[in-house]
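Each residue of the sequence shown is one higher than the last, beginning at 13 in the numbering used here.
Note that the Cβ used here is the ideal one computed from N, Cα and C, for glycine as well.
What follows is a set of notes on a single structure, which appears directly below.
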Amino acid sequence: MQYALLIHEPHAESYPDGDSGQAWRDIIAAHTAFGQEMGAAGVIVGGAGLKNPDTATTVRVSASGRTVHDGPFAETREQLGGLYMIDVPDLDAAIEWAKKLPIAKTGSIEIRPMLPPPPQG
Numbered sequence: 013m014q015y016a017l018l019i020h021e022p023h024a025e026s027y028p029d030g031d032s033g034q035a036w037r038d039i040i041a042a043h044t045a046f047g048q049e050m051g052a053a054g055v056i057v058g059g060a061g062l063k064n065p066d067t068a069t070t071v072r073v074s075a076s077g078r079t080v081h082d083g084p085f086a087e088t089r090e091q092l093g094g095l096y097m098i099d100v101p102d103l104d105a106a107i108e109w110a111k112k113l114p115i116a117k118t119g120s121i122e123i124r125p126m127l128p129p130p131p132q133g
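The following block contains the structure:
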């Protein structure tokens with residue numbers, strides 16, 4: 013079964029020295045090691061980190077039209093920092109991988125089953 017591990021991290025603590033500082037290098041090294049471990053186990057399907065929320069653009073479509081706003085959907089104390097997509101036997105296995113995520117000590121990991129791809133037509 014495929015799951016998405018959605019990484020939510022505290023916004024205030026996210027790399028205060030930017031993407032060239034030591035905190036950034038440390039988390040990249042930890043995620044690289046984690047990715048290699050998942051690769052060796054044959055469970056990783058994909059994933060990526062996300063840039064900070066201030067780089068986001070939000071689009072809303074309604075009957076009255078479309079609006080485009082700079083920034084995230086909502087102001088929160090946590091931000092979606094990235095995700096991993098894994099293929100494991102069950103939720104228990106997904107939980108075990110989520111516990112190993114480097115950010116799990118200071119943030120939270122949301123685990124969601126993924127829908128199957130739409131039929132090719």
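For residue i, the three-state DSSP class (helix, strand or coil)
i, result
"residue 60", "strand"
"residue 118", "coil"
Proximity below 8 angstroms, CB of residue i to CB of residue j
i, j, result
"residue 58", "residue 97", "yes"
"residue 43", "residue 120", "no"
"residue 65", "residue 91", "yes"
"residue 47", "residue 40", "no"
"residue 123", "residue 15", "yes"
"residue 60", "residue 113", "no"
Unbroken beta strand (DSSP E) run spanning residue i, endpoints
i, result
"residue 94", "90-99"
"residue 16", "14-22"
Status (buried if at least 16 other CB within 10 Å, exposed otherwise) for residue i
i, result
"residue 93", "buried"
"residue 75", "exposed"
"residue 17", "buried"
Limits of the alpha helix (DSSP H) - the one that residue i falls within
i, result
"residue 47", "34-53"
"residue 104", "103-112"
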